[in-house]
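Enquirer: Structure in structure tokens, see below.
In the numbering used here, the protein residues as written are 64 to 125.
As structure tokens, this is what we get:
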């Protein structure tokens with residue numbers, strides 16, 4: 064279950080800020096299929112589960 068005080072997804076700006084990466088890198092990762100995104104009402108959103116998956120992969124590589 065997802066905690067009620069956290070969003071289910073983040074926008075591009077918030078995702079980039081939280082991960083410390085550029086917008087172009089995130090868009091490249093989306094285009095290459097390395098990061099899954101959803102489009103809702105014209106906004107590109109990154110699900111929290113996808114951010115967690117991405118971060119766990121970084122932790123496993125370290």
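Glycine included, every Cβ here is placed at the ideal spot set by N, Cα and C. Since the model is a prediction, treat every value here as computed from it, not as a measurement.
Which class does residue 114 belong to by DSSP, given the choice of helix, strand or coil?
Expert: Helix at residue 114.
Enquirer: Could you tell me if residue 115 is buried or exposed, where buried requires 16 or more neighbouring beta carbons within 10 angstroms of its beta carbon?
Expert: Under this definition residue 115 is an exposed residue.
Enquirer: With a 10 Å radius around its C-beta and 16 neighbouring C-beta atoms as the bar for buried, classify residue 118 as buried or exposed.
Expert: By the neighbour-count rule (16 or more Cβ atoms within 10 Å), residue 118 is not buried but exposed.
Enquirer: Report back the beta-carbon spacing between residue 101 and residue 72 to the nearest angstrom; my notes put them in contact at under 8 Å.
Expert: Correct: roughly 7 Å between the Cβ atoms.
Enquirer: Excluding the 5 residues flanking residue 107 on each side, which residues of the same chain have their C-beta closer than 8 Å to its C-beta?
Expert: Cβ neighbours of residue 107 beyond the five flanking positions: 74, 75, 93, 100, 101.
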